[in-house]
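What follows is a set of notes on a single structure, which appears directly below.
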Amino acid sequence: METFVITGAGSGLGQEMALLLAKKGWDILLTGRTLDKLAAVKKEIEAAGGSADTLVLDVSDSAALPEKLGQALAGKTVAGLINNAGVGYFGPLMEMNNPEIEEMFQINTLGTIYMTKAILPFLQKRQAGQVVNIISTAGLRGKVNESVYAATKFAVRGFTESLQKEYEGNGITFTAAYMGGMNTPFWENSSLVSDPSRLRSAREIAEIIVNRLGEKEIIIESQKS
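Just so you know, we're using our numbering here: the sequence shown kicks off at 672 and counts up by one.
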């Protein structure tokens, strides 16, 4: 059984992708910062007959990632990585504080880079596998009150497109998933979305992404059809 590593797997899109991939027969390494949430997802996967393990980690902690992942993945065959962990603070640039700016770059951009760098040796060993970067449509076009958030996502877009060229022809695929807002807790402390219920559910987005694994680009608009 091959293993998928998913960051931010304790809730929302990460949780839904974990459930779907487990149902399709993959072993899942659920990673995130809150053990209780990860444990709940693991329990749900196992109750449905799937296989999962949990690993508490901070994707921005570059020094700790290689050792933690090496221990958690010892003896496993790694199928791929889904870089889903992310954080967003929104508003006019002049109202943003520097800690918020730094956290977004640490998690959204550097976290994606660090995790990819830590997992690639497992994929290179077998010259196969996939990396899926959850970017959002903020990585396609700038938006009002999302200047810094969009900057972190544009960086991940460039990172992903460059790796697609760097690893072309060697069996490792890199997917850029651009989706609009979802009906998840991500928007609980934001005024940007007045009615999250009008947005696609995390399950719906997860199904689209999982069914299109291996494609270079997936674009999903936020509004329900």
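Heads up, the beta-carbon is just placed ideally off N, CA and C, and yes, glycines get one too.
Residues in its own chain within less than 7 Å of residue 691 by CB, not counting five upstream and five downstream?
Answer for residue 691: 877, 878 and 881, listed in chain order.
Tell me which residues share the same chain as residue 730 and place their Cβ nearer than 7 Å to its Cβ, disregarding the 5 neighbours each side in the sequence.
These residues qualify, in order along the chain: 678, 756, 778, 782, 785 and 786.
Skipping 5 residues on each side, what residues in its chain have a beta carbon closer than 6 Å to that of residue 748?
Cβ neighbours of residue 748 beyond the five flanking positions: 673.
Measure the alpha-carbon distance for residue 821 versus residue 804 and round it to whole angstroms.
Answer to the nearest angstrom: the Cα atoms are 15 Å apart.
Taking one C-beta from the stretch 710 to 723 and one from the stretch 731 to 738 each time, how about it: are there three or more such pairs within less than 8 Å?
In short, these stretches do not touch, since the Cβ pair count stays below three.
Ignoring anything shorter than 3 residues or poking outside the stretch 802 to 852, list the beta strand (DSSP E) runs there in chain order.
Complete beta strand (DSSP E) runs here, min 3: 843 to 850.
Look up residue 780 in the DSSP assignment and say whether it is helix, strand or coil.
Three-state result, residue 780: helix.
Considering only their Cβ atoms, is the gap separating residue 696 from residue 681 smaller than 8 Å?
Against a cut-off of 8 Å, the Cβ pair of residue 696 and residue 681 comes out as no contact.
One question on the structure: do residue 847 and residue 806 come within less than 8 Å of each other, judged by their Cβ atoms?
Their beta carbons are under 8 Å apart, which means residue 847 touches residue 806 by this criterion.
Output yes if chain B places a C-beta closer than 8 Å to the C-beta of residue 755; else output no.
This model lacks chain B altogether; it includes just one protein chain.
Where DSSP assigns a beta bridge to residue 752, which residues make up the other side?
Bridge partners of residue 752: 676 and 802.
What do you reckon, are the CB atoms on residue 809 and residue 843 nearer than 8 Å?
In this structure, residue 843 does not lie closer than 8 Å to residue 809 by Cβ.
Within 10 angstroms of its Cβ, does residue 824 collect 16 or more other Cβ (buried), or is it exposed?
Residue 824 is buried by the Cβ-count criterion.
Mind checking which residues open and close the beta strand (DSSP E) that includes residue 698?
Unbroken beta strand (DSSP E) run through residue 698: 698 to 703.
Please check the pair residue 802 and residue 845, which I expect to be a contact at CB under 8 Å, by giving their CB distance rounded to whole angstroms.
Confirmed, about 5 Å.
With the cut-off set at 8 Å, would you say residue 724 and residue 700 are in Cβ contact?
Contact flag set, yes.
Can you list, in chain order, the residues of its chain whose CB lies under 7 Å from that of residue 886, leaving out five sequence neighbours each side?
Around residue 886: 846.
Going by DSSP, what residue range makes up the beta strand (DSSP E) through residue 888?
Taken as a continuous stretch (DSSP letters only), the beta strand (DSSP E) holding residue 888 covers 888 to 891.
Do you know offhand how far residue 716's Cα is from residue 688's?
Distance between the alpha carbons of residue 716 and residue 688: 11 Å.
Kindly indicate which three-state DSSP category residue 858 falls into: helix, strand or coil?
Residue confidence for residue 858 is low, a pLDDT of 49 falling below 50, so the modelled location carries little weight; the figure read from the coordinates is stated next. Correct three-state label for residue 858: helix.
How would you label residue 742, buried or exposed, when you count the other beta carbons within 10 angstroms and need 16 or more for buried?
Exposed is the call here.
Can you tell which of 738, 874 and 719 has the C-alpha that lies nearest to the C-alpha of residue 728?
Nearest option by C-alpha distance: 738.
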